[in-house]
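Residue numbers (my numbering), protein chains in the order written: chain Y, 22 to 260; chain Z, -7 to 298.
Presented below is the structure to which this report refers.
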Amino acid sequence: MLKIENLSYNIFEDEKDREILNDISLNFEKGKIYVITGPNGSGKSTLVKIVMGIKKQTSGKIFFNGKDISNLSINERANLGISYAFQQPVTFKGLKVRDLLDIASHKKNDFNTLCDYLAQVGLCAKEYINRPLDDKLSGGELKRIELALTLARKTPLNIFDEPEAGIDLWSFDNLTNIFKNLKNTTNIIVSHQTKILEIADYVILLKNGKVVKIGSYSEVKPFIENATCGKLRSQNGQD
Amino acid sequence: MDKIDKDLLEKITDLHKIELGAFNIRKNGQAIDKKSTKEIEIVPKKDKSGIDVFVKPNVKNKALHIPVIITMGGLNDLVYNDFYVGENSSITIVAGCGIHNSTSENSVHNGIHSFHLEKNSQVKYIERHIGVGNGSGGKILNPVTKIYQKENSSLHIETLQIGGVTSSIRKTFARLGENAKLEVQENILTTDEEKAETEFKVVLKGKKSSVEVVSHSVARNNSFQKFKSNLVGENDCFGHVECDGILLDNARIVSVPMIDAKDNNSSLVHEAAIGKIAGDELVKLMSLGLSQEEAENTIIKGFLMG
Ligand SMILES: Nc1ncnc2c1ncn2[C@@H]1O[C@H](COP(=O)(O)OP(=O)(O)OP(=O)(O)O)[C@@H](O)[C@H]1O
Ligand SMILES: [Mg+2]
Chain Y
22 MLKIENLSYN
32 IFEDEKDREI
42 LNDISLNFEK
52 GKIYVITGPN
62 GSGKSTLVKI
72 VMGIKKQTSG
82 KIFFNGKDIS
92 NLSINERANL
102 GISYAFQQPV
112 TFKGLKVRDL
122 LDIASHKKND
132 FNTLCDYLAQ
142 VGLCAKEYIN
152 RPLDDKLSGG
162 ELKRIELALT
172 LARKTPLNIF
182 DEPEAGIDLW
192 SFDNLTNIFK
202 NLKNTTNIIV
212 SHQTKILEIA
222 DYVILLKNGK
232 VVKIGSYSEV
242 KPFIENATCG
252 KLRSQNGQD
Chain Z
-7 MDKIDKDLLE
3 KITDLHKIEL
13 GAFNIRKNGQ
23 AIDKKSTKEI
33 EIVPKKDKSG
43 IDVFVKPNVK
53 NKALHIPVII
63 TMGGLNDLVY
73 NDFYVGENSS
83 ITIVAGCGIH
93 NSTSENSVHN
103 GIHSFHLEKN
113 SQVKYIERHI
123 GVGNGSGGKI
133 LNPVTKIYQK
143 ENSSLHIETL
153 QIGGVTSSIR
163 KTFARLGENA
173 KLEVQENILT
183 TDEEKAETEF
193 KVVLKGKKSS
203 VEVVSHSVAR
213 NNSFQKFKSN
223 LVGENDCFGH
233 VECDGILLDN
243 ARIVSVPMID
253 AKDNNSSLVH
263 EAAIGKIAGD
273 ELVKLMSLGL
283 SQEEAENTII
293 KGFLMG
């Protein structure tokens, strides 16, 4: 349902081109859970932002249900049925949690519906719907609301960028259950967490902007350990 | 009252669904209706245009509405309203001015207000300003507010000017006594060739007095806004001014901060940030399906009314 073809992304830095993503081709099937993992800075967020249209690829193409979306705007992609939960949730000056949920679901919701959206992510609606979505909310609260916004859209393709970040371990099973219960939708989750990797149908391992390995978690697992080590070693200058 | 009058009145008072208590309605330079209550007495001034309002001591949670409407061009309205709020009283005052001008002559309203808050009194003052009507004549507002707060009193001011006002110069002066607290939230939208200027001077005279001013401005097209504030700390006191502006098109916003800590126990802060609409806010809303224009309007509406 989502197809990425020969995707590359370069930035111009220190008077030369730097390659962030290098010739990535991936095919995502309907109804499956994909977990993209890889060391910090390997290009995971960049890849999913390009899918959402937030960043523009240097070259390559993206197809969604057979339609070339490579040059569509963010909202055109959103309205075709793609959702993206940000790694760093955005805060606003003056918009309330309920305003955002109404926007995400394209309707004016009553209290009970808002309650359902927030209960899924373990928040009590009464305490949150009228709160401004600003930085007075804690990191974990913002992440949960970000998740609720994505779920409220009920789109066929959902992308979650490190949804577990800031969520207490105690709620972890609830989080994985959310993904398991998203039936008939395609889910791409960027994550470092074992518990999330374990629910993947496919794990995609990125390293230095390249797909190193794709397969079941058990197939990819040995490569993940190497990838992380490699990155740490090179960071310490011992490579 | 005709339809234009009613529309204007609604626009400047609808947000505040408080039971209508005492009121005074002024139209085209004349007081057209008024009602005093046993707690709030409205007395027309004898020497000039305007009213004196006396709120008795120990009055709790009452409301006073004092809307002004102008539906003609060529009027230069000058009015003096003085409020005396007794000890321990708490009231909400809803003021505001709606100008509907479809002529080619200017309509001007200059409202000169003074607030005298006795010990322990609490006042919430809500003021909305709008201009409508498509005549070429200006819709001009120049409010002046003088505030004198005694011990432990608190005043919360909300000012909303949401477009259509050709030009406004808003001047506020306050002097705060011991432990007095002043909060101001000012939200202003200017479009086209409009100009809006705000000037605050707050003297923190009393020990533990505090002031908090939050200004949100949105300037579109070729409009211009200027925000000037001056806090003077004369005691162990706290003052915070936050001026946040969103610029669109060719608009301009100027923020002029001045803080003067005369007493070395005063703590005074002025923060100002002016810039384009935040890119990440736009991106987030577009990723939820809004077009760029819808996203911009949603952000601006939240920023001004949220
Ligand atoms: N606008 C930019 N300017 C400079 N460098 C950038 C920019 N965007 C991304 N990068 C770089 O691209 C690389 C990939 O970043 P990206 O955010 O995609 O990594 P990631 O895999 O999501 O990492 P993490 O696990 O830390 O979230 C990083 O080295 C980052 O510094
Ligand atoms: Mg990332």
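Here a beta-carbon is modelled for each residue, glycine too, at the ideal position from N, C-alpha and C.
Assigned secondary structure, residue i (DSSP; H/G/I helix, E/B strand, else coil)
i, result
"isoleucine 71 of chain Y", "helix"
"serine 66 of chain Y", "helix"
"glutamine 114 of chain Z", "strand"
"leucine 227 of chain Y", "strand"
"leucine 144 of chain Y", "coil"
"histidine 8 of chain Z", "Unreliable placement is indicated for histidine 8 of chain Z, whose pLDDT of 47 sits below 50; the coordinate value is still reported in the next sentence. DSSP places histidine 8 of chain Z in coil when its eight states are reduced to three."
"cysteine 229 of chain Z", "coil"
"glutamine 284 of chain Z", "helix"
"arginine 98 of chain Y", "helix"
"aspartate 25 of chain Z", "strand"
"alanine 325 of chain Z", "No statement about residue 325 of chain Z is possible, as the shown extent of chain Z runs from -7 to 298 and does not include it."
"proline 243 of chain Y", "helix"
"lysine 37 of chain Z", "coil"
"threonine 176 of chain Y", "coil"
"aspartate -3 of chain Z", "helix"
"valine 100 of chain Z", "strand"
"threonine 95 of chain Z", "coil"
"glycine 198 of chain Z", "coil"
"phenylalanine 216 of chain Z", "strand"
"alanine 172 of chain Z", "coil"
"glutamate 183 of chain Y", "coil"
"asparagine 144 of chain Z", "coil"
"isoleucine 188 of chain Y", "coil"
"isoleucine 132 of chain Z", "strand"
"isoleucine 139 of chain Z", "strand"
"threonine 58 of chain Y", "strand"
"lysine 163 of chain Z", "strand"
Buried versus exposed call for residue i [16 or more other C-beta atoms within 10 Å across all chains shown]
i, result
"serine 96 of chain Z", "exposed"
"alanine 14 of chain Z", "buried"
"lysine 22 of chain Z", "The amino acid at residue 22 of chain Z is misidentified as lysine; the sequence shows glutamine. Exposed, by the Cβ-count rule."
"cysteine 235 of chain Z", "buried"
"serine 209 of chain Z", "buried"
"threonine 164 of chain Z", "buried"
"threonine 269 of chain Y", "The requested residue 269 of chain Y is not part of the displayed model; chain Y covers only 22 to 260."
"lysine 164 of chain Y", "buried"
"glutamine 259 of chain Y", "Per-residue confidence for glutamine 259 of chain Y stands at a pLDDT of 39, beneath the threshold of 50, marking its modelled position as unreliable; the derived number appears in the next sentence. When all chains shown are included, glutamine 259 of chain Y counts as exposed."
"asparagine 53 of chain Z", "exposed"
"histidine 57 of chain Z", "buried"
"proline 59 of chain Z", "buried"
"alanine 99 of chain Y", "buried"
"alanine 265 of chain Z", "exposed"
"glycine 65 of chain Z", "buried"
One or two residues paired with residue i in a DSSP bridge
i, result
"aspartate 38 of chain Y", "Y/Phe33"
"methionine 250 of chain Z", "Z/Asn222"
"glutamate 26 of chain Y", "Y/Lys82"
"aspartate 74 of chain Z", "Z/Asp44, Z/Ser106"
"lysine 19 of chain Z", "Z/Gln22, Z/Ile61"
"serine 212 of chain Y", "Looking at the DSSP assignment, serine 212 of chain Y forms no beta bridge with any residue, so it has no partner."
"glutamate 185 of chain Z", "In DSSP, glutamate 185 of chain Z forms no bridge with anything."
"cysteine 89 of chain Z", "Z/Val60, Z/His121"
"arginine 244 of chain Z", "Z/Phe216"
Proximal chain Z residues relative to residue i, where beta-carbon distance stays under 7 Å
i, result
"methionine 73 of chain Y", "Ser279"
"aspartate 120 of chain Y", "Gly294"
"histidine 127 of chain Y", "Gly281"
Residue i: contacting residues in chain Y (beta-carbon distance under 8 Å)
i, result
"valine 261 of chain Z", "Those within 8 Å of valine 261 of chain Z in chain Y number zero; the least Cβ separation is about 18 Å."
"valine 275 of chain Z", "Ile75, Ile95, Val111"
"threonine 5 of chain Z", "Those within 8 Å of threonine 5 of chain Z in chain Y number zero; the least Cβ separation is about 22 Å."
Neighbouring residues, chain Z, relative to residue i (Cβ below 8 Å)
i, result
"aspartate 182 of chain Y", "The premise fails here: aspartate 182 of chain Y is roughly 12 Å from chain Z at the closest Cβ pair, so nothing lies under 8 Å."
"arginine 170 of chain Y", "It should be noted that the sequence gives leucine, not arginine, for residue 170 of chain Y. Under the 8 Å cutoff, chain Z gives Leu280."
"arginine 174 of chain Y", "Leu280, Gly281"
Amino acids of chain Y, ordered along the chain, whose beta-carbon sits closer than 9 Å to that of residue i
i, result
"leucine 282 of chain Z", "Asn96, Ala99, Ile124"
"threonine 29 of chain Z", "Result: empty, since nearest Cβ-Cβ is about 32 Å, beyond 9 Å."
"phenylalanine 295 of chain Z", "Phe113, Lys114, Gly115, Leu116"
"aspartate 236 of chain Z", "Lys114"
"glycine 298 of chain Z", "Phe113, Lys114, Gly115, Leu116, Lys117, Asp120, Pro153"
Proximal chain Z residues relative to residue i, where beta-carbon distance stays under 9 Å
i, result
"arginine 152 of chain Y", "Within chain Z, no residue comes near arginine 152 of chain Y; the closest Cβ sits about 11 Å away, beyond 9 Å."
"tyrosine 105 of chain Y", "Ser279"
Partner residues on chain Y for residue i, Cβ-Cβ distance less than 7 Å
i, result
"threonine 151 of chain Z", "Those do not exist, as threonine 151 of chain Z stays about 16 Å from chain Y at its closest Cβ, beyond 7 Å."
"threonine 182 of chain Z", "Result: empty, since nearest Cβ-Cβ is about 18 Å, beyond 7 Å."
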